[in-house]
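K.L.:
Sequences listed follow chains A and B, in order. In this text, residue positions in the first sequence follow my numbering: the first is 1, and each later residue adds one. In this text, residue positions in the second sequence follow my numbering: the first is 316, and each later residue adds one. A virtual CB, placed ideally from N, CA and C, is assigned to each residue, including glycine. Next up is a structure, given as structure tokens.
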Amino acid sequence: MIDAAANENAVAPVSFWTRLNENRTVLGLWFMLPAAAFLLLFLAYPLGLGIWLSLTDARIGRAGEFIGIENFTWLWGDAVFWLSVFNTLLYTIVASVIKFAIGLYLALLLNNNIAFKAFIRAIVLLPFIVPTVLSAIAFWWIFDSQFSIISWALIELGIIEQNIDFLGTPNNARASVIFANIWRGVPFVAITLLAGLQTVPQSLYEAATIDGASKWAMFRHITYPLLTPIIAVVMTFSVLFTFTDFQLIYAMTRGGPVNATHLMATLSYQRAILGGNLGEGAAISTAMIPFLLSAIMFSWFGLQRRKWQQGESDD
Amino acid sequence: MASVGIRDVRKSFGPVEIIHGVDISIEDGEFVILVGPSGCGKSTLLRMIAGLEKITSGEISIGERVVNQMPPKERDIAMVFQNYALYPHMTVSENMAFSLRLRRTENAIVTERVHIAAEILGLMPLLDRFPRQLSGGQRQRVAMGRAIVRDPQVFLFDEPLSNLDAKLRVQMRTEIKELHQRLRTTTVYVTHDQIEAMTMADKIVVMHDGIVEQIGAPLELYDNPANRFVAGFIGSPAMNFMSGHITGVNGSASLRTEGGIDLPLGAKAPDASDGRPAVYGVRPEHFVLSGEGAEASVVVVEPTGSEIQVVADMGGDHVVAVFRERHDLKPGQKIHLQPNPELVHLFDSDSGQRL
């Protein structure tokens, strides 16, 4: 075998093409190509196109011309746009904080030895596996101005006298969509944090017990610090998903009443697709990028420090 | 410092009882080692002393106080775990100070006590490191430091050296013993390694299948094992056992093995036991090469430098003999092995108890 190869080498020198293909770096690039093509085509291209559109006056059915940052200067003076920014921040911050609190609480609860543990864990995941639009429609009914089960129950209990207009007044509508988002987002936070909790070695809790730590001290000094890397990841994703939410709002309120629940994503859709102003819609979407980038940077730097602190091998 | 009393302690997990009534009394300042094969209940017993496991029945006391219902933090004990259980997000000094901080001890006192412990263990240069930046032996020392800082009544060690390599284990063994001689704190130490037990303990408790087989000083267990289990467990290489029956009680008593070899009993033969089946036990180091011993043929020769270990076939039984002198032996060679009749042991073949 070796002899044969040696003879062959002696007779015919290996071609440039063959040598190129045997080079590890070139080979690596070849293997990366499918993934790279996929990412370029379905991630980079749409993103680039979106940013390009935001710099044009494209409308549906008419390729736009480059107009610089005119779309953005126009949005700068648009009160509805600023309202949607406010709504998006409110929606993201309130929902994320509450999702984190409830998710962590549930995770700690489910990490204990309780009866039917596997079953309860499965139940907790339910809101996550129901299609968003389906749960949005269910909430739409739950919050209906006439047939709301909440209003009905409260009236039957004698707590209120007439139906609550959940989705009809600005602040009620905001609270309602935030509630629906929390309901939908808690399982993700809870299950991921639960996975994180299970990586904390039991012996640390035993050592802390002997050191005299109370339940609270164990959470404060052991569970929480060891969980921070996972909290950073979970909350980054949670914030990203919440910030870019579209389905829930669109199925429940379409941004109403009087734009009180319009998020940047829904406003962008309304202006670009329904209104036909692709350029302006794209500009609203592009305006989300700085917010999302800062959320990513925040968790990135948060994670860096932890990695140094903690390390992978601790025994 | 305090004594520890364990009285008829039992432990069940569900319907399975794994510790069947254990009585041990540990004197103030004593270094006691619980030793036994895995699954014998030694770690569970230690965890019951620590308060990490509930006691099913019986009583454990530390000093004058019965601690059955007392939570771990009130028992005034400190524990070193097999995997060290260092808090990975805290530095060495934070790890050591943690228990004092929880008690809201004054800063100055915390620093002082951490420094004293670090000084004893040679950890001063490492105080600001994180556990993952330490070697196995250093982590082990931090775990001990965490225990020392608290100045507890009792130290509990749960197989602390199992995760270390052989050389470091020997070194840490000495360090732990030295530490005990210095602090004189009552210590309960669990291991499956009989060498650790022999070298470190004031008193060894040999456990097997949830019962105590024998309690005694290391050399006492070595010289006078109460039964076949202890005889086989203590000592390395392990004692040779050969079953057979006793002959010649009235003349020079011996044990005739199943392979027809006569082994001398000296004064060990119990009265009126001619023909009684028994197990003959002799330690590898109690054989001498002589012209008149039992004939055997060499199977394997293993020189270690300081001694030479010979596995030989003696009438169908494989026996191990250890000699400190250098003999030039070859596999297949016929030799005569003479057990020292004053140092042999005889066990009942059914109960395994010493005769």
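Would you say Glu-206 of chain A lies against chain B (beta-carbon separation less than 7 Å)?
P.N.:
Here residue 206 of chain A is taken as the residue at index 206 of the first sequence, counted from 1. Output row for Glu-206 of chain A: interface = yes.
K.L.:
I'd like the ranges of any beta strand (DSSP E) spanning at least 3 consecutive residues and lying wholly in the stretch 606 to 631 of chain B.
P.N.:
623 to 629
K.L.:
With 7 Å as the threshold, decide whether the Cβ of Asp-144 of chain A is near any Cβ in chain B.
P.N.:
As a first step, residue 144 of chain A is located in the first sequence; it is residue number 144 there, counting from the start. Judged by the 7 Å Cβ criterion, Asp-144 of chain A is not in contact with chain B.
K.L.:
Check for me: the beta strand (DSSP E) holding Gln-162 of chain A runs from which residue to which?
P.N.:
In the first sequence, the residue the question calls residue 162 of chain A occupies position 162. Counting along the chain, no beta strand (DSSP E) covers Gln-162 of chain A, and no H or E run does either.
K.L.:
What separation, rounded to the nearest whole angstrom, lies between the Cα atoms of Gly-631 of chain B and Val-594 of chain B?
P.N.:
Position 316 of the second sequence holds residue 631 of chain B. Position 279 of the second sequence holds residue 594 of chain B. So the alpha carbons of these two residues sit roughly 15 Å apart.
K.L.:
When you compare the CB positions of Phe-319 of chain A and Leu-167 of chain A, do they come within less than 7 Å of one another, or not?
P.N.:
It is not possible to answer for residue 319 of chain A, since the shown part of chain A is limited to 1 through 315.
K.L.:
Please state whether the Cβ-Cβ distance between Lys-357 of chain B and Met-557 of chain B is less than 7 Å.
P.N.:
Along the second sequence, one-based indexing puts residue 357 of chain B at 42. Along the second sequence, one-based indexing puts residue 557 of chain B at 242. No; because the gap between Cβ atoms is not below 7 Å, this pair is not in contact.
K.L.:
Hey, how far is the Cα of Thr-266 of chain A from the Cα of Thr-244 of chain A?
P.N.:
Position 266 of the first sequence, counted from the first residue, corresponds to residue 266 of chain A. Position 244 of the first sequence, counted from the first residue, corresponds to residue 244 of chain A. Looking at the two C-alpha atoms, the distance is approximately 9 Å.
K.L.:
Report the partner residues of His-335 of chain B according to the DSSP bridge assignment.
P.N.:
Taking the second sequence and counting its residues from 1, the one referred to as residue 335 of chain B is at position 20. Per DSSP, B:Arg-325.
K.L.:
Out of curiosity, what's the CA-to-CA distance linking Thr-420 of chain B and Asn-410 of chain B?
P.N.:
Here residue 420 of chain B is taken as the residue at index 105 of the second sequence, counted from 1. Here residue 410 of chain B is taken as the residue at index 95 of the second sequence, counted from 1. The alpha-carbon atoms of Thr-420 of chain B and Asn-410 of chain B are separated by roughly 15 Å.
K.L.:
Any idea if Leu-29 of chain A is buried or exposed, counting beta-carbon neighbours within 10 angstroms, 16 or more meaning buried?
P.N.:
The count along the first sequence starts at 1 and reaches residue 29 of chain A at position 29. Taking all protein chains shown into account, Leu-29 of chain A has fewer than 16 neighbouring C-beta atoms within 10 Å of its C-beta and is therefore exposed.
K.L.:
Any idea if Asp-211 of chain A is buried or exposed, counting beta-carbon neighbours within 10 angstroms, 16 or more meaning buried?
P.N.:
Position 211 of the first sequence, counting from 1, holds the residue named residue 211 of chain A. Buried: at least 16 other Cβ atoms inside 10 Å.
K.L.:
Taking C-beta to C-beta, are Thr-192 of chain A and Val-234 of chain A nearer than 7 Å?
P.N.:
As a working mapping, residue 192 of chain A is identified with position 192 in the first sequence. As a working mapping, residue 234 of chain A is identified with position 234 in the first sequence. Yes, the pair counts as a contact, with Cβ atoms nearer than the cut-off.
K.L.:
State the Cα-Cα distance for the pair Leu-204 of chain A and Phe-128 of chain A, rounded to the nearest angstrom.
P.N.:
As a first step, residue 204 of chain A is located in the first sequence; it is residue number 204 there, counting from the start. As a first step, residue 128 of chain A is located in the first sequence; it is residue number 128 there, counting from the start. Cα to Cα, the separation comes out at about 32 Å.
K.L.:
Check whether the Cβ of Asp-314 of chain A lies closer than 7 Å to any Cβ atom in chain B.
P.N.:
The residue labelled residue 314 of chain A in the question sits at position 314 within the first sequence. Because Asp-314 of chain A sits at a pLDDT of 40, beneath the cut-off of 50, its placement in the model cannot be relied upon, and the following sentence gives the value as read from the coordinates. Chain B contact via Cβ: present.
K.L.:
Could you name the residues of the stretch 190 to 203 of chain A whose beta carbon sits closer than 8 Å to any beta carbon of chain B, in the order they occur along the chain?
P.N.:
Correct list: Pro-201, Ser-203.
K.L.:
Which runs of the alpha helix (DSSP H), 4 residues or longer, sit entirely within the stretch 12 to 37 of chain A?
P.N.:
16 to 22
K.L.:
Taking a Cβ distance cut-off of 8 Å, strictly less, list which residues of the stretch 225 to 249 of chain A are near chain B, in chain order.
P.N.:
Pro-225, Leu-226
K.L.:
Could you run through the stretch 407 to 433 of chain B and flag, in chain order, every residue whose CB is less than 7 Å away from some CB of chain D?
P.N.:
You won't find chain D in this structure, because its protein chains are A and B.
K.L.:
Would you say the stretch 104 to 115 of chain A touches the stretch 171 to 181 of chain A, given that touching needs at least three Cβ pairs under 8 Å?
P.N.:
no
K.L.:
Looking only at its own chain, which residues have a Cβ that is under 7 Å from the Cβ of Gln-453 of chain B, when we skip the five neighbours before and after it?
P.N.:
Start at 1 with the first residue of the second sequence, and residue 453 of chain B comes out as number 138. Taking Gln-453 of chain B as the centre and dropping the five residues before and after it, the same chain places the C-beta of Leu-441 closer than 7 Å to its C-beta, in chain order.
K.L.:
With Leu-49 of chain A as the anchor, note down where its alpha helix (DSSP H) starts and where it stops.
P.N.:
Residue 49 of chain A sits at position 49 when you count from the first residue of the first sequence. Note, Leu-49 of chain A: alpha helix (DSSP H), 45 to 54.
K.L.:
Would you tell me roughly how many angstroms separate the C-alpha atoms of Leu-134 of chain A and Ala-180 of chain A, rounded to the nearest one?
P.N.:
Position 134 of the first sequence, counting from 1, holds the residue named residue 134 of chain A. Position 180 of the first sequence, counting from 1, holds the residue named residue 180 of chain A. Taking the straight line from one Cα to the other gives about 12 Å.
K.L.:
Could you have a look at Ala-6 of chain A and say whether DSSP puts it in helix, strand or coil?
P.N.:
Walking along the first sequence from the start, residue 6 of chain A turns up at place 6. With a pLDDT of 49 at Ala-6 of chain A, under the threshold of 50, the predicted position of this residue should be treated as unreliable, though the coordinate-derived value follows. Ala-6 of chain A falls in the helix class under three-state DSSP.
K.L.:
So if I threshold CB-CB distances at 7 Å, which residues from the stretch 100 to 120 of chain A count as touching chain B?
P.N.:
Listed in sequence order: no entries.
K.L.:
Name the chain A residues that come within less than 9 Å of Met-394 of chain B, Cβ to Cβ?
P.N.:
Counted from its first residue, the second sequence places residue 394 of chain B at position 79. By Cβ distance, chain A contributes Glu-206, Ala-207, Ile-210.
K.L.:
With distances taken from CA atoms, which of B:Val-634, B:Ser-664, B:Gly-608 is nearest Pro-592 of chain B?
P.N.:
As a position in the second sequence, residue 592 of chain B is number 277, starting the count at 1. Residue B:Ser-664 is the option with its Cα nearest to Pro-592 of chain B.
K.L.:
Quick one: what's got a C-beta closer than 6 Å to Ser-408 of chain B's C-beta in the same chain, skipping five residues either side?
P.N.:
One-based indexing of the second sequence puts residue 408 of chain B at position 93. Here the set comprises Val-429, Leu-442.
K.L.:
Can you tell me whether DSSP reads Leu-471 of chain B as helix, strand or coil?
P.N.:
Here residue 471 of chain B refers to the residue found at position 156 when the second sequence is read from its first residue. Looking at Leu-471 of chain B - three-state DSSP - the assignment turns out to be strand.
K.L.:
Is it a yes or a no for the stretch 472 to 484 of chain B touching the stretch 500 to 513 of chain B, going by three-plus beta-carbon pairs under 8 Å?
P.N.:
Two segments are said to touch when three or more pairs of C-beta atoms, one from each, lie closer than 8 Å; by this definition the stretch 472 to 484 of chain B touches the stretch 500 to 513 of chain B.
K.L.:
So with Cβ pairs under 7 Å, would you call Lys-357 of chain B a contact of chain A?
P.N.:
As a working mapping, residue 357 of chain B is identified with position 42 in the second sequence. No, its Cβ sits nowhere closer than 7 Å to a Cβ of chain A.
K.L.:
Whole-angstrom Cβ separation of Val-347 of chain B and Val-503 of chain B, contact assumed at under 8 Å?
P.N.:
Translated into the one-based positions of the second sequence, residue 347 of chain B becomes position 32. Translated into the one-based positions of the second sequence, residue 503 of chain B becomes position 188. Confirmed, about 5 Å.
K.L.:
Could you tell me how far apart the beta carbons of Val-324 of chain B and Ile-375 of chain B are, in whole angstroms, since I believe they sit closer than 8 Å?
P.N.:
Against the second sequence, residue 324 of chain B aligns to sequence position 9. Against the second sequence, residue 375 of chain B aligns to sequence position 60. At roughly 6 Å, the Cβ-Cβ gap stays under 8 Å, so Val-324 of chain B and Ile-375 of chain B are in contact.
K.L.:
Can you pull the chain B neighbours of Ile-222 of chain A, defined as C-beta to C-beta under 7 Å?
P.N.:
The residue labelled residue 222 of chain A in the question sits at position 222 within the first sequence. Here the neighbours are Tyr-402.
K.L.:
Where do the ends of the alpha helix (DSSP H) carrying Phe-556 of chain B lie?
P.N.:
Position 241 of the second sequence, counted from the first residue, corresponds to residue 556 of chain B. Premise fails: Phe-556 of chain B lies in the beta strand (DSSP E), 555 to 562, not in any alpha helix (DSSP H).
K.L.:
Using 8 Å as the threshold, is the stretch 276 to 294 of chain A in touch with the stretch 328 to 335 of chain B, meaning 3 or more CB pairs across them?
P.N.:
no
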